[in-house]
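Enquirer:
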Amino acid sequence: MVDLKSQYAKIKTEVDAAIMDVIEKAQFINGPEVSAFQSELETYLGVKHVIPCANGTDALQIAMMALGLKPGDEVITPSYTYIATTEVMALLGLTPIFVDVDPKTFCIDVNLIEAVITPNTKAIVPVHLYGQAADMDAIMDFAKKHNLFVIEDNAQAIGCDYTHRDGSKTKTGSIGTIGCTSFFPSKNLGCYGDGGAICTNDDSLAVSLRQIANHGQTIRYHHEMVGCNSRLDSIQAAILRIKLRSLDDYCAARIKAADYYGEVLSKIEGITVPFRSENSRHVFHQYTMQLDGIDRDKLSDFLAKKGIPSMIYYPIPAHKQKMFAAFNCQNQVLPVTDWLTQRVLSLPIHTELEEEQLQFICSSIQEFVSEN
Ligand SMILES: *Cc1c(COP(=O)(O)O)cnc(C)c1O
1 MVDLKSQYAK IKTEVDAAIM DVIEKAQFIN GPEVSAFQSE LETYLGVKHV IPCANGTDAL
61 QIAMMALGLK PGDEVITPSY TYIATTEVMA LLGLTPIFVD VDPKTFCIDV NLIEAVITPN
121 TKAIVPVHLY GQAADMDAIM DFAKKHNLFV IEDNAQAIGC DYTHRDGSKT KTGSIGTIGC
181 TSFFPSKNLG CYGDGGAICT NDDSLAVSLR QIANHGQTIR YHHEMVGCNS RLDSIQAAIL
241 RIKLRSLDDY CAARIKAADY YGEVLSKIEG ITVPFRSENS RHVFHQYTMQ LDGIDRDKLS
301 DFLAKKGIPS MIYYPIPAHK QKMFAAFNCQ NQVLPVTDWL TQRVLSLPIH TELEEEQLQF
361 ICSSIQEFVS EN
């Protein structure tokens with residue numbers, strides 16, 4: 001699904017030197033690379049504060065802790081997302097309130113939020129799924145009206161530009177109260193291990209976020225609150241500094257591959273290619289098609305026999321997961337989510353796809369469809 005080896009080959013000299021430099025200086029934790037990456041990412045995202053942390057899941061957890069969310073508080077979220085988004089809610093004793101997604105963008109359907117608001121609702125967590133922004137203007141208006149926090153799950157969409165109603169553009173992750181992202185190796189900006197970051201434009205929230213990520217302390221050994229230990233290590237920061245410079249090129253390479261897929265696959269009956277919303281750049285963390293009347297498992301097996309990987313993101317939506325049994329949400333009907341989990345299939349997408357490979361993948365799909 002990804003080709004991290006070929007991507008590394010292109011930056012090997014720089015990356016190897018940066019890693020050796022950290023080792024030689026022995027500044028493994030909170031070294032200068034971490035603060036340099038932090039400020040470079042602040043500049044890239046156009047956000048006042050970036051707080052690096054250990055991974056994207058921690059970023060979400062720390063965000064919810066810093067906002068003072070308490071057991072029993074309700075958080076509105078899509079069910080159609082990676083499990084980390086909602087798992088941290090349950091971990092903190094919060095109640096995830098699952099909402100269906102828009103059938104085109106696969107992001108939270110803003111029209112359905114009003115109906116689930118209660119006096120306990122404290123926050124909305126839009127997920128910019130597969131690399132495309134949720135309808136942020138509408139979400140922010142709604143949140144303002146109802147006095148709710150907005151935590152953007154930007155793990156799949158770093159580099160995505162959201163176009164506001166007035167035509168101005170903002171990077172996803174910098175629009176809500178807090179934005180969270182992940183540097184998991186296969187993400188659009190991936191490191192060579194685990195990593196994550198939290199963003200905010202709010203000065204006092206930035207202090208709390210930093211404090212919580214560091215055992216609840218600002219001054220050493222003075223622990224103001226219960227926090228956790230969540231750090232981005234210096235080696236990962238050094239690698240991310242190098243890769244951040246190529247992030248726009250990486251996004252462009254993904255978009256180019258998606259363009260190729262779209263050109264061919266949109267002509268095949270039974271395949272719906274990813275929708276591209278007018279108010280969002282789609283940075284294609286995943287290239288996910290919807291199949292109608294095409295046997296997904298058979299297609300996937302057929303491709304696998306030719307050495308082409310494909311994946312189902314996500315086969316079981318969050319509300320149907322056993323881990324949330326206590327919330328009695330298993331039988332909740334989310335028609336679009338249920339439909340998508342049955343019909344989606346993701347194809348390989350990354351920065352190193354060659355036209356020849358794209359051609360082979362597309363013609364293999366054409367072959368399957370014409371024979372079945
Ligand atoms: C990857 C991902 C996360 C979690 O990131 P980790 O770094 O793996 O903890 C959270 N939300 C979404 C939508 C993701 O894709």
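Letter by letter, the sequence shown follows residues 1 to 372 of our numbering.
For each residue, glycine too, the CB sits at the ideal point set by N, CA and C.
A quick note: this is a predicted structure, and the numbers were derived from the prediction, not measured.
#1: Assuming the contact rule is C-beta atoms closer than 8 Å, V125 and V75 should be a hit. Round their C-beta distance to whole Å, please.
#2: Taking C362 as the reference, which of I62, A318, L303, Q330 has the closest Cα?
#3: Exposed or buried, what is K122 when buried is set at 16 or more other beta-carbons lying within 10 Å of its beta-carbon?
#4: Can you give me the C-alpha to C-alpha distance between M140 and V110, rounded to a whole angstrom?
#5: Of all the options D21, I158, E24, C199, which has the alpha carbon lying nearest to the alpha carbon of N188?
#6: State the DSSP-derived secondary structure class of D161, mapped to helix, strand or coil.
#7: Tell me the rounded alpha-carbon separation between A90 and K70.
#8: How far does the beta strand (DSSP E) with Y80 in it reach, from first residue to last?
#9: Quick check for students: name the residue ranges of the beta strand (DSSP E) that lie wholly in the segment 123-177, counting only runs of 3 or more.
#10: Looking at M65: is its Cβ nearer than 7 Å to the Cβ of I212?
#11: Can you find at least 3 beta carbon pairs, one from the segment 37-54 and one from the segment 190-206, that sit closer than 8 Å?
#12: To the nearest angstrom, how far is the alpha carbon of Y314 from that of R210?
#13: Which runs of the beta strand (DSSP E) fall wholly inside the segment 251-325 and span at least 3 residues, in chain order?
#14: Have a look at F98, F142, F106, A134 and flag the residue whose alpha-carbon is nearest the alpha-carbon of K114.
#15: With 16 other CB atoms within 10 Å as the buried threshold, where does T181 fall?
#16: Buried or exposed, going by whether 16 or more other CB atoms sit within 10 Å of the CB of T43?
#17: Relative to the C-alpha of V150, which residue among N279, H128, G167, Q7 is closest?
#18: Just the C-alpha distance for I83 and T77, rounded to the nearest angstrom, thanks.
#19: Report the three-state DSSP secondary structure of G179 (helix, strand or coil).
#20: Which same chain residues end up closer than 8 Å to I316 when comparing Cβ atoms and leaving out the 5 residues on each side of it in sequence?
#21: Going by the beta-carbon positions, is the gap between I239 and V34 smaller than 7 Å?
#22: State the DSSP-derived secondary structure class of G56, mapped to helix, strand or coil.
#23: Does the beta-carbon of A18, which I'm using as the reference point, lie nearer than 6 Å to any heavy atom of ligand 1?
#24: Find out if the Cβ-Cβ distance for the pair V2, H285 is shorter than 7 Å.
#25: Suppose the cutoff is 8 Å on Cβ atoms and the five residues either side in sequence are ignored; what does the same chain contact list for Q99 look like?
Expert: A quick look at the data gives this:
#1: V125 to V75, Cβ: 6 Å. Contact.
#2: L303
#3: buried
#4: Rounded to whole angstroms, M140 and V110 show a C-alpha spacing of 10 Å.
#5: I158
#6: strand
#7: 11 Å
#8: Careful: Y80 lies outside any beta strand (DSSP E) and carries neither H nor E.
#9: Taken in chain order, the complete beta strand (DSSP E) segments of 3 residues or longer contained in the segment 123-177 are 149-153, 161-163, 169-171.
#10: In terms of Cβ geometry, M65 and I212 form a close pair [threshold 7 Å].
#11: yes
#12: 32 Å
#13: 287-291, all fully within the segment 251-325.
#14: As written in the sequence, residue 114 is Glu, which differs from the Lys given in the question. Minimum Cα distance to E114 is reached at F142.
#15: buried
#16: exposed
#17: Relative to V150, the option among N279, H128, G167, Q7 whose CA is nearest is H128.
#18: 11 Å
#19: When DSSP states are grouped into helix, strand and coil, G179 belongs to the strand group.
#20: Within the same chain, Cβ atoms closer than 8 Å to the Cβ of I316 are found at T341, the five residues on either side in sequence being excluded.
#21: no
#22: helix
#23: Because no heavy atom of ligand 1 lies under 6 Å away, the Cβ of A18 does not count as near it: no.
#24: no
#25: Per the sequence shown, residue 99 should be read as Val rather than Gln. Within the same chain, V99 has close Cβ partners I76, T77, P78, S79, I108, D109, L112, I113, V116, L334.
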